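Residue numbers (this note's numbering): 1211 to 1434.
Beta carbons: idealized from backbone N, C-alpha and C, even for Gly.
Keep in mind it's a predicted model, so treat the numbers as computed, not measured.
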Amino acid sequence: MKNFWLNRQNNKNLIVFFAGWSFDENPFIFLNCDGFDVLIVYDYNEIQDLDIIKDLSSFYEQKFLITWSMGVFVAYLLKDLFVDFDYKIAINGTVTPVDNEFGIPVKMFELTLKHAAVGLGGKFYKNVFKTEEEYNKYMQNPVQRSIENRVSELENLYNLIKNTKINYEKFYDIALVSEFDKIIPPANQKSSHNKNNTEIKVLEYGHSPFFNFTSWKEIVDLCQ
């Protein structure tokens, strides 16, 4: 895993954001940090404890965990790191990300994995966003990682998913589910969060809702 400080100004409030598969910090640079220090976690080729979070937690008055897509699953695996976080938000993802009932259907995911290198050339990202306008905004600051790196990340995630037994328990305080999500079926997301007794808020966006916000604070405020 890699991490990147989107903003580090010794603010009183911290946001730790787990991005989705194949992303890095670049597509999120446009979001105003509004008095938050913001740490982005991405690239799940390897999953390990984040000592940086253990070391920094005591410096902040309020700490928020925001996770998106595959990041919802990865952060859940590291849930002991976030025991003292004030609020935990899942966006368009589940703790069982490849599952016929509670995530991406297995055949759909395996098809994505089989053609990942081609999909990353454009089609996948077009499906991530609801509109052409959002996709064009993404293309102004696209992901900078190599296609090979992103393909291996998806392979690693699938192996991890298949070998991880999830004991359902409430972890996230709220889940944001986009009705126009083309990546993870909204109905499956809702089923997963209902099983976890997690509050659900429905959005009229696509898999990536971020271009509908101007700041991280807007996302936090929407959830509270």
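Subject >> Among L1370, K1405, N1359, I1357, nearest to E1379 - alpha-carbon criterion >> reply: With distances taken between Cα atoms, E1379 lies closest to K1405.
**OP:** Could you say if the segment 1260-1273 and the segment 1216-1227 meet the contact criterion of at least three C-beta pairs nearer than 8 Å?
**Re:** Flag = yes, the segment 1260-1273 and the segment 1216-1227 touch.
Original post:
Looking at the unbroken beta strand (DSSP E) that takes in L1224, where does it start and where does it end?
Top reply: 1223-1228 is the span of the beta strand (DSSP E), which, as asked, contains L1224.
Subject >> Assigned secondary structure, V1412 (DSSP; H/G/I helix, E/B strand, else coil) >> reply: Here V1412 sits in strand by DSSP.
Original post:
How would you write the range of the alpha helix (DSSP H) that Q1399 sits in, first residue to last?
Top reply: Looking at the DSSP string, the run of the alpha helix (DSSP H) that includes Q1399 is 1396-1405.
Subject >> A1327 beta carbon less than 8 Å from that of V1361 >> reply: Their beta carbons are under 8 Å apart, which means V1361 touches A1327 by this criterion.
Original post:
With respect to the alpha helix (DSSP H) encompassing V1337, which residues constitute its N-terminal and C-terminal limits?
Top reply: A small fix is needed here, since residue 1337 is Asn in this sequence, not Val. Counting along the chain, the alpha helix (DSSP H) containing N1337 begins and ends at 1333-1338.
Original post:
Where does T1277 sit, in a helix, a strand or coil, going by DSSP?
Top reply: Secondary structure of T1277 (DSSP, three-state): strand.
**OP:** Would you mind giving the Cβ-Cβ distance between L1367 and M1280, rounded to the nearest angstrom? I have them listed as a contact below 8 Å.
**Re:** The pair is a contact, with the Cβ atoms about 6 Å apart (cut-off 8 Å).
Original post:
Closest Cβ-Cβ distance between Y1297 and chain C: below 8 Å?
Top reply: Absent here is chain C; the protein component of the structure consists of one chain.
Original post:
Short check: CB of D1402 to CB of T1277, under 8 Å?
Top reply: Here the sequence assigns Ser to residue 1402, which means Asp is not the residue at that position. When the beta-carbon positions are compared, S1402 and T1277 stay at least 8 Å from each other.
**OP:** May I ask you to report which of helix, strand or coil DSSP gives S1362?
**Re:** If DSSP states are grouped into helix, strand and coil, S1362 belongs with the helices.
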